[in-house]
Structures are given as C-alpha cells and as structure tokens.
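Enquirer: Input: one structure, supplied below.
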Amino acid sequence: MTSSNSELLDTLLTNAGLNPTRTDKEKLLPILEIYQARLKILHSIDLDEEEVSGGFDPLGLPGMKE
214 MTSSNSELLD
224 TLLTNAGLNP
234 TRTDKEKLLP
244 ILEIYQARLK
254 ILHSIDLDEE
264 EVSGGFDPLG
274 LPGMKE
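Residue numbering for the sequence shown follows this note's numbering, starting at 214 and increasing by one per position.
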C-alpha cells in the first residue's frame, strides 16, 4: 500500500462519509490504483476536440466476480 494512494483513499472515503475496516481498505486500494492508471492513459491520449464518456464496470476489475 503506497502512502500517497492510501492517504488519497482515506480522503475519498472520509469525504463520502464512510469508515471501512482496514481489511476493506486493503481490498479497495488496488481498485483505486487501477482506476488511476486508466485515467492517466485517458489523459495522455490526444483526442483533439472529441468528447469522452467513461463507464464503470466492477466486474471488469481483476478479482471481482458476480
């Protein structure tokens, strides 16, 4: 768990009014890191004036099952 990502997760959860257990935070952190990596890729693409719409599919994340 990197310190900066852990702090970001804590901030996001606090702002949402949530207080999950340490175990739950450890499960959420990899999802946050995947999300951040995908955002970096989207930000690096030159789309000119194209509009982009994102979507979230939790089943598309590693380790997530129905």
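Note that CB positions come from ideal geometry on N, CA and C, so glycine has one too. Small disclaimer: the values here were computed from a predicted structure and weren't measured.
Who are the Cβ neighbours of PRO233 in its own chain at under 8 Å, not counting the five residues just before and after it?
Expert: Excluding residues within five positions, the ones whose Cβ falls inside 8 Å are LEU226 and LEU241.
Enquirer: By the 10 Å Cβ neighbour count, where 16 or more other Cβ atoms means buried, how is LEU255 classified, buried or exposed?
Expert: Per the 10 Å Cβ criterion, exposed.
Enquirer: By a C-beta neighbour count over all protein chains shown, 10 Å radius and 16 as the cutoff for buried, is LEU222 buried or exposed?
Expert: The residue is buried, with at least 16 neighbouring Cβ atoms inside 10 Å.
Enquirer: Taking 8 Å as the cut-off, decide whether the C-beta atoms of ASN218 and GLU246 are in contact.
Expert: In this structure, GLU246 lies closer than 8 Å to ASN218 by Cβ.
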